[in-house]
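Chemist:
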Amino acid sequence: MLHLAIGDPWQLVREASGHFDHISLSTDLLRQADASQREGLAAGLSALARHGSLLQPNPPCSALPDDWLPQLRSRGWVPADTAGLAPGSMRFAPRWRDATPPAAVAREATVIGAGLAGSAVAYSLAERGWQVTVLDRAATPAAGASGLPVGLVVPHSSADDTLISRVIRAGIRSTLQRAAALLQPGQDWAATGVLEHCVDGKSKLPRSWQANAAHPPDWISASRPWASTATPLQLQQACLPADAVAVWHECAAWIKPWRLVQAQLEHPTIHFVGNTAVHSLQRPAADAPWQLLDDTGQMIRQTDLLVLTAGFESRQLLQSLQQPLPLNPLRGQIAWGWQQTSHLGLPAVPVNGKGSLACHVPWQQSAQAGSIWITGSTFSRSDNTPDVREQEFPEIWQKLQMLHPAAADQLQADFAQGRVQGWAGVRATLPDRLPAVGALARSRHGQPADLLQGLQLSCGMGARGLSLSVLAGELLAAQLHDEPWPLEKRLARLLAASRWLDKPV
Ligand SMILES: Cc1cc2nc3c(=O)[nH]c(=O)nc-3n(C[C@H](O)[C@H](O)[C@H](O)COP(=O)(O)OP(=O)(O)OC[C@H]3O[C@@H](n4cnc5c(N)ncnc54)[C@H](O)[C@@H]3O)c2cc1C
206 MLHLAIGDPW QLVREASGHF DHISLSTDLL RQADASQREG LAAGLSALAR
256 HGSLLQPNPP CSALPDDWLP QLRSRGWVPA DTAGLAPGSM RFAPRWRDAT
306 PPAAVAREAT VIGAGLAGSA VAYSLAERGW QVTVLDRAAT PAAGASGLPV
356 GLVVPHSSAD DTLISRVIRA GIRSTLQRAA ALLQPGQDWA ATGVLEHCVD
406 GKSKLPRSWQ ANAAHPPDWI SASRPWASTA TPLQLQQACL PADAVAVWHE
456 CAAWIKPWRL VQAQLEHPTI HFVGNTAVHS LQRPAADAPW QLLDDTGQMI
506 RQTDLLVLTA GFESRQLLQS LQQPLPLNPL RGQIAWGWQQ TSHLGLPAVP
556 VNGKGSLACH VPWQQSAQAG SIWITGSTFS RSDNTPDVRE QEFPEIWQKL
606 QMLHPAAADQ LQADFAQGRV QGWAGVRATL PDRLPAVGAL ARSRHGQPAD
656 LLQGLQLSCG MGARGLSLSV LAGELLAAQL HDEPWPLEKR LARLLAASRW
706 LDKPV
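The opening position of the sequence shown corresponds to residue 206 in the numbering used here, with each subsequent residue numbered one higher.
1) Is the beta carbon of residue 354 closer than 8 angstroms to that of residue 628?
2) Please give me, in chain order, every unbroken run of the alpha helix (DSSP H) with length at least 4 that falls completely inside the region 279-327.
3) Go to residue 249, then tell me how far its alpha helix (DSSP H) extends in each direction, as first and last residue.
4) What is the DSSP secondary structure of residue 377, reduced to helix, strand or coil?
5) Which runs of the beta strand (DSSP E), 3 residues or longer, sit entirely within the region 618-644?
6) Within a Cβ cutoff of 6 angstroms, which residues of the same chain sit near residue 299, ignoring the five residues on either side of it in sequence?
7) Pick from 476, 510, 466, 473: whose alpha carbon is nearest that of residue 487?
8) Which partner residues of residue 485 appear in the DSSP bridge assignment?
9) Residue 612 and residue 550 look like a contact to me (Cβ under 8 angstroms); what is the Cβ gap, rounded to whole Å?
10) Let me confirm a value: residue 454 is counted as buried when at least 16 other C-beta atoms fall within 10 Å, else exposed. Which label applies?
11) Report whether the distance from the Cβ of residue 683 to the nearest heavy atom of ligand 1 is below 7 angstroms.
12) Less than 8 angstroms between C-beta atoms, sequence neighbours within five positions excluded: which residues of the same chain meet that for residue 457?
13) Ligand 1 heavy atoms versus the CB of residue 326: any closer than 7 angstroms?
14) Any idea what DSSP makes of residue 214, helix, strand or coil?
15) Any chance the CB of residue 482 is under 7 angstroms from a heavy atom of ligand 1?
16) Straight-line CA distance for residue 402 to residue 557?
17) Is the separation between the beta-carbon of residue 689 and that of residue 679 shorter than 8 angstroms?
18) Give the single residue among 443, 553, 591, 452 whose Cα lies nearest to the Cα of residue 537.
19) How would you label residue 295, buried or exposed, when you count the other beta carbons within 10 angstroms and need 16 or more for buried?
20) Can you give me the C-alpha to C-alpha distance between residue 708 and residue 530, rounded to a whole angstrom?
21) Could you give the residue range of the beta strand (DSSP E) that holds residue 682?
22) When you compare each of 450, 445, 446 to residue 433 by their alpha carbons, which one comes out closest?
23) At a threshold of 7 angstroms, does residue 624 count as lining ligand 1 (C-beta to nearest heavy atom)?
24) Quick one: Cα of residue 471 to Cα of residue 237, how far?
25) Suppose the cutoff is 7 angstroms on Cβ atoms and the five residues either side in sequence are ignored; what does the same chain contact list for residue 392 look like?
26) List in chain order: all unbroken alpha helix (DSSP H) runs of 4+ residues lying wholly within the region 500-552.
27) Please return the same chain residues whose Cβ sits closer than 7 angstroms to the Cβ of residue 293, not counting the five positions on each side in sequence.
28) In or out: residue 206 buried (at least 16 other Cβ within 10 Å) or exposed?
29) If you draw a straight line from the C-alpha of residue 394 to the C-alpha of residue 489, how long is it?
30) Quick one: residues in its chain with C-beta nearer than 7 angstroms to the C-beta of residue 404, no 5 flanking neighbours on either side, listed in chain order?
31) Taking 7 angstroms as the cut-off, is the CB of residue 358 close to at least one heavy atom of ligand 1?
32) What is the C-beta distance between residue 702 and residue 643, in whole angstroms, given that I count them as a contact (C-beta under 8 angstroms)?
33) Taking the straight line between their C-alpha atoms, what separation do you get for residue 524 and residue 563?
34) Any heavy atom of ligand 1 closer than 7 angstroms to the Cβ of residue 292?
35) Does the Cβ of residue 664 lie closer than 7 angstroms to at least one heavy atom of ligand 1?
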């Protein structure tokens, strides 16, 4: 695997985590820096290096400034004498740190829950050489919230571009890359972009992005922004009036979540086992494997690394360890239907805002094949029953009328005459609306922390599993492998599962 971090070195040492094997440093930038900036950089780079990491001047024929070398040496850097390296290269070899590589361990993990979160973690581990068993109480994968027929991956807009908005952008990068690698474009997903209709008439574009060009560019082209005020042509394609207030999200897509789950689980070192409900967890001693028990107390499986990705049910499984997590159920229902030739006013691109609408999605069910539209959804707090309720369809239609009046008019007869189908699921949310990812490293009730070692979480995806699950899997695996993390340190801290350990539930 190749992880690349490119940019201002001072920003990188502030924001990056994990360890890098190779650092290439601009000598021009170093020469412009003052002594205290160089001191800070020497400390920061040493924190990002592992035994054997290389530091090379860039361009390779240049040299690191002589007066900087003592600072590097005092932090454990020594001249690298390997043939073929640029002169002046340094290697990280501090005498005070153990140079022995960690002993090879059998990389075997068990994941509970075969939804977006579980399949994404399993895939990230499998790509790093793990044998992964994914258990689910249902017979087939994506039986929970990830069975949603079609969902949107779309940035979260906020006037002051909050940290949550930034986390979600990092997540969308990961998801769209995974979708491009594993899914069939046009069938399983489409990177259409999404139009956000600001139904209250106020643009959601961050203020600083509106005022000047200081918006973060997308990763496809530095000249294109993540989001911009929708143009008249984009409004027309979305079948919205020319005076509608709307934001165009370039890096956005529709995806069939269950297809992403299936595609991730197809990895050759992942083994899916259905019809296996885990009732409780235990670990008899700190160095013993985790034990997964069924409802009669019989052991289903033992494992050294256990990842809990059971959506809302993760709460009950953690309770069996006296480790409460404030997960809450948030039920939701969508409506969908076959697109008819009479449906002329349906938007060419997905529209979101208060609710969402995606049309022209290819679909096959039994002998019928065609395109569907899908809209929703409802939000019922403290409700964890995923049954489809006829009485929620009028509410879904009224939401659609606000979001997209032309489509609501087109589909009114379908809703009125019962030609609409439903799907419902239960999201699992945490009070700060971000997932819980990674180790539960500290203990809440004074038990030794290592009693929880080998237990990892990826749950609490809320209404954003498509945007967050791939990032969560990559973060969890990067932390286990001491690799560079896939997002900035302070954003990663917002996702840390351990943030809940000392909070009242
Ligand atoms: C109506 C609706 C619309 C949505 N729209 C979008 C959208 O447009 N974009 C978006 O990003 N997200 C959307 N979401 C949210 C998204 O669906 C979820 O965030 C995501 O599916 C959560 O994935 P998960 O893997 O955490 O949970 P789940 O998919 O629920 O997976 C949990 C799995 O664990 C299994 N399990 C539970 N308990 C046990 C046990 N004890 N033993 C063994 N297995 C167990 C379950 O069977 C299930 O398969 C929507 C959700 C709903 C309900």
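Don't be surprised by glycine CBs; every beta carbon is placed ideally from N, CA and C. Note that this is a predicted model, so its numbers are computed, not measured.
Modeler: Here's the rundown:
1) As a working mapping, residue 628 is identified with position 423 in the sequence shown. As a working mapping, residue 354 is identified with position 149 in the sequence shown. A Cβ-Cβ contact shorter than 8 angstroms links residue 628 with residue 354.
2) Runs of the alpha helix (DSSP H) lying entirely within the region 279-327 and spanning at least 4 residues: none are present.
3) Here the question's residue 249 lines up with position 44 in the sequence shown. Looking at the DSSP string, the run of the alpha helix (DSSP H) that includes residue 249 is 240-252.
4) As a position in the sequence shown, residue 377 is number 172, starting the count at 1. Three-state result, residue 377: helix.
5) 626-634, 641-644
6) Position 94 of the sequence shown, counted from the start, is the residue given in the question as residue 299. Excluding positions up to five away in sequence, the list reads 281.
7) Residue numbering aside, residue 487 sits at position 282 when the sequence shown is read from its first letter. With distances taken between Cα atoms, residue 487 lies closest to 510.
8) In the sequence shown, counting from the first residue as 1, residue 485 sits at position 280. According to DSSP, residue 485 bridges with 498.
9) For the purposes of this step, residue 612 is taken as the residue at position 407 of the sequence shown. For the purposes of this step, residue 550 is taken as the residue at position 345 of the sequence shown. With 8 angstroms as the limit, residue 612 and residue 550 qualify as a contact, their Cβ atoms being about 6 angstroms apart.
10) Here residue 454 refers to the residue found at position 249 when the sequence shown is read from its first residue. Burial call: buried.
11) Start at 1 with the first residue of the sequence shown, and residue 683 comes out as number 478. No - ligand 1 has no heavy atom lying nearer than 7 angstroms to the Cβ of residue 683.
12) To locate residue 457, count along the sequence shown from 1; it is residue 252. Answer for residue 457: 357, 358, 359, 360, 377, 396, 397, 398, 399, 555, listed in chain order.
13) Walking along the sequence shown from the start, residue 326 turns up at place 121. No - ligand 1 has no heavy atom lying nearer than 7 angstroms to the Cβ of residue 326.
14) Walking along the sequence shown from the start, residue 214 turns up at place 9. Residue 214 falls in the helix class under three-state DSSP.
15) For the purposes of this step, residue 482 is taken as residue 277 along the sequence shown, with counting starting at 1. Within the cutoff, so yes.
16) Mapped onto the sequence shown, residue 402 falls at position 197. Mapped onto the sequence shown, residue 557 falls at position 352. Rounded to whole angstroms, the separation of the alpha carbons of residue 557 and residue 402 is 6 angstroms.
17) Residue 689 sits at position 484 when you count from the first residue of the sequence shown. Residue 679 sits at position 474 when you count from the first residue of the sequence shown. The answer is no: Cβ separation not under 8 angstroms.
18) Against the sequence shown, residue 537 aligns to sequence position 332. When only C-alpha atoms are compared, the closest one is 591.
19) Position 90 of the sequence shown, counted from the first residue, corresponds to residue 295. So residue 295 ends up on the buried side.
20) By one-based count along the sequence shown, residue 708 stands at place 503. By one-based count along the sequence shown, residue 530 stands at place 325. Straight-line Cα distance between these residues: approximately 9 angstroms.
21) Position 477 of the sequence shown, counted from the first residue, corresponds to residue 682. Element bounds for residue 682: not the beta strand (DSSP E) but the alpha helix (DSSP H), 670-685.
22) On the sequence shown, residue 433 is found 228 positions in, with the first residue counted as 1. Considering only alpha carbons, the answer is 450.
23) Taking the sequence shown and counting its residues from 1, one reaches residue 624 at position 419. Answer for residue 624: no, Cβ out of range of ligand 1.
24) The sequence position of residue 471 within the sequence shown is 266, counting from 1. The sequence position of residue 237 within the sequence shown is 32, counting from 1. Straight-line Cα distance between these residues: approximately 51 angstroms.
25) Taking the sequence shown and counting its residues from 1, one reaches residue 392 at position 187. Result list for residue 392: 567, in chain order.
26) 519-524
27) Residue mapping note: residue 293 aligns to position 88 of the sequence shown, counting from 1. If we look at residue 293 and ignore the five residues flanking it on each side, its Cβ neighbours are 262, 268, 269.
28) Along the sequence shown, one-based indexing puts residue 206 at 1. Classification of residue 206: exposed, given that the 10 Å Cβ count is below 16.
29) For the purposes of this step, residue 394 is identified with residue 189 of the sequence shown, where counting begins at 1. For the purposes of this step, residue 489 is identified with residue 284 of the sequence shown, where counting begins at 1. Using only the alpha carbons, I get a separation of about 45 angstroms.
30) Start at 1 with the first residue of the sequence shown, and residue 404 comes out as number 199. For residue 404, the CB contacts under 7 angstroms within the same chain, skipping 5 residues up- and downstream, are 558, 559, 607, 608 in chain order.
31) As a working note, residue 358 is residue 153 in the sequence shown. Checking every heavy atom of ligand 1 against the Cβ of residue 358, one is found closer than 7 angstroms.
32) Residue numbering aside, residue 702 sits at position 497 when the sequence shown is read from its first letter. Residue numbering aside, residue 643 sits at position 438 when the sequence shown is read from its first letter. Right, the Cβ-Cβ distance comes to about 5 angstroms (below 8 angstroms), so this counts as a contact.
33) For the purposes of this step, residue 524 is identified with residue 319 of the sequence shown, where counting begins at 1. For the purposes of this step, residue 563 is identified with residue 358 of the sequence shown, where counting begins at 1. Approximately 38 angstroms, taken between the alpha carbons.
34) Within the sequence shown, numbered from 1, the residue matching residue 292 stands at position 87. Not under cutoff, so the answer is no.
35) Locating residue 664 in the sequence shown gives position 459, counting from the first residue. Flag set: Cβ of residue 664 near ligand 1.
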